[in-house]
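In full-length UniProt numbering, the protein residues as written are 1 to 322.
Glycine residues also receive a C-beta, built at the ideal position from the N, C-alpha and C atoms.
Heads up: the structure comes next, in C-alpha cells.
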C-alpha cells in the first residue's frame with residue numbers, strides 16, 4: 001500500500017492526459033477533467049502534429065484561444081503542458097525530404113507496428129529522428145513560448161532502442177527535466193486487455209527498463225512509479241486502480257497515464273483533417289472508442305476523487321515536482 005494510505009505522508013500523483021491537440025472534441029473532454037470543479041486530471045501532454053496544434057500554428061497569436069478549448073484553458077491557468085512526441089501516426093512536421101526513413105511511400109508515419117518493424121531491421125535513421133524531434137519541440141515553443149514541462153512518447157516511442165538516446169541527448173540539452181518511464185506490472189490475464197495488448201505492454205516495460213538507465217545518465221527525472229497501460233479504457237476501474245496503487249511500498253510519486261475525452265466521430269474525407277494527425281482516414285479507432293468517455297467519466301467521478309483523498313494522494317502537475 002502506498003505510504004499515503006497509512007497517513008504518514010502524502011504520495012504525489014500526476015494524472016496525465018495524453019493526446020492533447022488530437023482533436024478539439026477530445027480536448028473538450030480533457031478540459032472537463034482539468035477543470036477546478038471536476039478535476040481528476042492534473043496534467044496533459046500535447047501532439048504537435050495533431051489537428052488542433054496545426055490550426056494554432058497557422059493562426060495569429062491573439063486568435064489562438066478562440067481556436068482551441070485546451071489552449072484557452074492552459075493559457076488562462078498559466079499551465080505549461082508536456083510534449084507527446086509522435087513518430088508513428090499522421091504526418092511529420094519536418095520537410096519530408098529530411099525524414100524519409102520515418103515515412104511510407106505516401107509521406108505518412110509508418111504506424112505503431114510498422115515503425116517498430118523497420119527499427120528492428122535498422123531502417124530508421126537516428127539523425128532523422130532528431131530532425132523531427134526538434135521540429136516538434138520548436139512547434140511547441142511557437143505555441144507556448146517555452147519548452148515543455150515534461151516529455152513522453154505517443155505509443156511509447158521514446159523508450160525504443162536508439163530513440164531513447166536521441167531523446168535524452170536533445171531534451172537534456174534544452175533543459176526539459178521530466179520524462180516518462182513506463183515500467184508497469186502487467187497482469188497475466190484481464191477481461192478487458194487482449195493477449196496482444198498484454199504482450200505489447202510487457203515489451204514497452206522491458207524497453208523502458210533499459211531506457212531508464214540512459215535517461216538517468218543524462219540526469220533526466222522521472223516518477224518513482226508509473227501506471228496506466230493496464231488501466232486503459234474499460235479496465236480503468238476502482239478495483240484495478242486500487243490493485244495497482246496498493247502494490248507500491250513507500251512510494252514518493254507516481255504517474256498515472258490516461259486517455260480521456262469525448263470520442264471522435266468518423267467524418268467524410270473532406271473534413272478528416274479537422275481531427276487526428278493528418279492521416280487520410282481521419283481519426284483512428286482508439287479516439288473513436290467509447291473507452292475515451294469511460295475514462296473521462298471515471299476521472300471526474302466522486303469515487304475516484306474520494307479514493308485519492310482517503311488514501312492521501314496529492315494531485316500535482318509535473319511542474320510542481322522538485
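A distance below 7 Å separates the beta carbons of residue 238 and residue 303.
The Cβ atoms of residue 93 and residue 49 lie closer than 7 Å to each other. The residues 236, 304, in chain order, have a CB closer than 7 Å to that of residue 298 in the same chain once the five nearest residues on each side in sequence are set aside. Annotation note: the stretch 51–124 contains the following uninterrupted alpha helix (DSSP H) runs of length 4 or greater, listed N- to C-terminal: 51–57, 64–67, 69–76, 112–120.
Annotated three-state conformation of residue 295 is helix, per DSSP. Take the alpha-carbon of residue 68 and the one of residue 84: they are about 17 Å apart. Distance between residue 148 and residue 263, taken at the CA atoms: about 26 Å.
Residue 199 sits in a helix when the DSSP states are folded into three classes. Contact between residue 17 and residue 204 fails: their C-beta atoms lie close to 19 Å from each other, not under 8 Å. Taking 7 Å as the cut-off, the beta carbon of residue 166 is found no closer than this to the beta carbon of residue 158. Rounded to the nearest whole angstrom, the C-alpha separation of residue 312 and residue 151 is 26 Å.
Here residue 31 carries a helix assignment [DSSP, helix/strand/coil]. The bridge partners DSSP lists for residue 257 are 16. It is roughly 32 Å from the alpha-carbon of residue 154 to the alpha-carbon of residue 310.
Ranking 169, 161, 30, 208 by CA distance to the CA of residue 182 puts 208 first. As DSSP reads the structure, residue 225 sits in a beta bridge with 254.
Residue 44 sits in a strand when the DSSP states are folded into three classes. About 5 Å separates the Cβ atoms of residue 31 and residue 73, confirming a contact at the 8 Å cut-off. Counting along the chain, the unbroken alpha helix (DSSP H) around residue 174 starts and ends at 163–174. If the five residues before and after residue 56 are omitted, its C-beta is found closer than 8 Å to the C-beta atoms of 21, 64, 67, 68, 71, 143, all from its own chain and listed in chain order. Note that the C-beta distance between residue 128 and residue 101 is below 7 Å.
The beta-bridge partner set that DSSP reports for residue 151 consists of 83, 179.
Under DSSP, residue 193 forms a beta bridge with 190. For residue 300, DSSP assigns no beta-bridge partner whatsoever. Bounds of the alpha helix (DSSP H) holding residue 133 are 126–144. By the 16-neighbour rule on beta-carbons within 10 angstroms, residue 281 is exposed.
The Cβ atoms of residue 225 and residue 251 sit closer than 7 Å to each other. A Cβ-Cβ separation of about 38 Å leaves residue 90 out of contact with residue 306 under the 8 Å criterion.
Looking at the DSSP output, residue 314 bridges to 12. Secondary structure of residue 207 (DSSP, three-state): helix.
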